[in-house]
Amino acid sequence: PSSSSIPNPISSLLVDADSLVKQIEELSTFSDSPSPSVTRVLYSEKDVLARRYVKNLMGLSGLFVREDAVGNIFGRWEGSEPELPAVATGSHVDAIPFSGKYDGVVGVLGALEAINVLKRSGFKPKRSLEIIFFTSEEPTRFGISCLGSRLMAGSDALAKALETTVDAQNISFIEAASSAGYLTDSAQISTVFLKKGSYSAFLELHIEQGPILEEEGISIGVVTAIAAPASIKVEFEGTGGHAGAVLMPYRNDAGLAAAELALAVEKHVLSSGSIDTVGTVGILELHPGAINSIPSKSHLEIDTRDIDEERRNTVIKKIHESATEIAQRRRVKLSEFKIINQDPPAHSDKSVIEAMVSSTKELNLTHKLMISRAYHDSLFMARISPMGMIFIPCYKGYSHKPEEFSSPQDISNGVKVLALTLAKLSLQ
Ligand code: HGY
Ligand code: MN
Ligand code: MN
Ligand code: MN
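Position one of the sequence shown corresponds to residue 1 (this note's numbering), numbered consecutively onward.
Now the structure itself:
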């Protein structure tokens, strides 16, 4: 078909599922943990190998590849009207420790296959189509989630913070970025900012990371909103001491303060009045971490989310009040209570949702409108472009663990919906 027509959904959108599954397997070998788990942290040697692997595939698909100052990678298929804002799609390939092969990866390799499907069908884009490989979506190395898309959405606060941010090994963001071949000076960070309207639409294909689609036997999730995430860093300090010699009445145990606060997080979340409020203490470290030494310092990192921003902010306030009360009662110092991010939710764009829903119907696929409880780079792309997300089922909803799995059939369905929707939006 020439540029004026949409490829026939059923007969001409052919996904090469075998090669896509092979690529997912190959990409998963760039990992700092043993298979089937995947660990791939921003700017690490494995991350750089993964970048090279994806850039090579972009080249093989005939895309024009460029990278920005922090390593967001763009692969563009120029359309017949290249001056118009492009339609973009993408996701991430960084992976938290001991996680799975599909989170993010399906939205990068699947986007590449969607482009290949459209090229095979003879489709010619009007608006250029651009694949975005976001430099880092997970908060693992520098404690901030969606680092690349947050900057693209124009976060001055993050650009400022990254001038002094260091990782757990005390390596600065600037040093780590330049070691991976990116920026060498913090003045370059703000060159990543994109203007509102840079894209006519942004779509992300992603595994659901929840059990609903699989349980209900539905092929495609069309995301209507992304929940509001927040993260908090807390430190308590006590005097520590000898586990045998210091009697209980004379202790101010920073470890027990942390334990009590973790339970307080659960209490405040459960009493929020809604099942949609969640809270997790995923990091809880004790110093010095010796069996016979009373913890003199404790470090907790709290993740709390809700689809209702106000309700989530109320939980944060209560957690702060508990931290203060526990510190006083236990005579420990609350040496840090730092809200790292407290983001609003994002809503998908109506016309993008409509395009996705009609694609699922033309492909004879069942679909369900749903909320994403996980955050994604789409949460920030929604600040500068109409956004939409396509979910595919994943095994028992497992994610952020090695058992994460999506079937070739489910991945192919997602790729077809993405390809058809990209074609529709490109011709608008
Ligand atoms: O934590 C999240 O929601 C995302 O999957 N990183
Ligand atoms: Mn994730
Ligand atoms: Mn993800
Ligand atoms: Mn995510």
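Don't be surprised by glycine CBs; every beta carbon is placed ideally from N, CA and C.
Buried versus exposed call for residue i [16 or more other C-beta atoms within 10 Å across all chains shown]
| i | result |
| --- | --- |
| Q409 | exposed |
| M389 | buried |
| D343 | buried |
| F236 | buried |
| F64 | exposed |
| A114 | buried |
| I131 | buried |
| A243 | exposed |
| G210 | buried |
| N364 | exposed |
| A177 | buried |
| M58 | buried |
| A159 | buried |
| I207 | buried |
| Y43 | buried |
| S406 | buried |
| S274 | exposed |
| G79 | buried |
| E404 | buried |
Proximity of residue i and residue j at Cβ, strictly below 8 Å
| i | j | result |
| --- | --- | --- |
| K401 | S172 | no |
| I371 | T224 | yes |
| H376 | S219 | no |
| D47 | D94 | yes |
| V269 | V315 | yes |
| S35 | S28 | yes |
| A228 | R305 | yes |
| G90 | E204 | yes |
| A355 | L256 | no |
| F202 | A423 | no |
| S296 | G221 | no |
| K126 | L427 | yes |
| I430 | I232 | The question about residue 430 has no answer here: the residues shown for the chain are numbered 1 through 428. |
| S190 | I174 | no |
| S31 | H92 | no |
| D68 | V192 | yes |
| H299 | E285 | yes |
| L109 | I24 | yes |
| I73 | R52 | no |
Expected contact under 8 Å - CB spacing of residue i and residue j to nearest Å
| i | j | result |
| --- | --- | --- |
| G397 | V106 | Contact doesn't hold; Cβ gap of about 15 Å is too wide. |
| A153 | M387 | The pair is not a contact, with the Cβ atoms about 11 Å apart (cut-off 8 Å). |
| T140 | I96 | 5 Å |
| A374 | R312 | So it is not a contact: roughly 15 Å between Cβ atoms. |
| L151 | V41 | Not confirmed; about 18 Å, so no contact. |
| K416 | V15 | 6 Å |
| A327 | K333 | 7 Å |
Alpha-carbon to alpha-carbon, residue j and residue i
| i | j | result |
| --- | --- | --- |
| I6 | L420 | 8 Å |
| R329 | G241 | 19 Å |
| S12 | R120 | 8 Å |
| S198 | H287 | 47 Å |
| F134 | I294 | 42 Å |
| P85 | P345 | 25 Å |
| K55 | Y182 | 15 Å |
| A170 | L379 | As written in the sequence, residue 170 is Asn, which differs from the Ala given in the question. In a straight line, the C-alpha of N170 is about 29 Å away from that of L379. |
| L118 | E81 | 17 Å |
| P1 | S128 | Here P1 scores only 46 on pLDDT, less than 50, and its place in the model is too uncertain to base an answer on. |
| L435 | A323 | Coverage of the chain is limited to positions 1 through 428, which leaves residue 435 absent and any answer about it impossible. |
| S149 | S179 | 21 Å |
| Y395 | E309 | 29 Å |
| I353 | I144 | 29 Å |
| R62 | V278 | Looking at the sequence provided, one finds Gly at residue 62 rather than Arg. Answer to the nearest angstrom: the Cα atoms are 43 Å apart. |
| E216 | S272 | 28 Å |
| I226 | K195 | 22 Å |
| K338 | S412 | 42 Å |
| L263 | V246 | 26 Å |
| V111 | S155 | A quick correction: the sequence has Ala, not Val, at residue 111. When rounded, the distance between both Cα atoms is 26 Å. |
| V38 | K101 | 6 Å |
| A157 | E362 | 44 Å |
| L418 | N116 | 12 Å |
| S200 | E83 | 12 Å |
| I384 | P9 | 30 Å |
| A17 | E26 | 14 Å |
| N258 | R251 | Note that residue 258 is Ala in the sequence shown here, rather than Asn. Using only the alpha carbons, I get a separation of about 14 Å. |
| S358 | V87 | 18 Å |
Residue i beta carbon near ligand 5 (any heavy atom closer than 7 Å)
| i | result |
| --- | --- |
| D103 | The model depicted lacks ligand 5 and carries ligand 1, ligand 2, ligand 3 and ligand 4 instead. |
### Message
Please give the ranges of any alpha helix (DSSP H) in the stretch 73-136, keeping only runs that are unbroken, at least 4 residues long and fully inside the region.
### Response
105-120
### Query
At what residue ranges does the stretch 35-73 contain a whole run of the beta strand (DSSP E), taking only runs of 3 or more?
38-40, 64-67
### Task
Would you list, in sequence order, the uninterrupted beta strand (DSSP E) runs of no fewer than 3 residues that lie entirely inside the stretch 291-363?
297-306, 333-342
### Query
In chain order, which alpha helix (DSSP H) runs of at least 4 residues are fully inside the stretch 366-404?
378-381
### Message
At 4 residues or longer, what runs of the alpha helix (DSSP H) sit wholly inside the stretch 164-207?
### Response
Complete alpha helix (DSSP H) runs here, min 4: 173-179.
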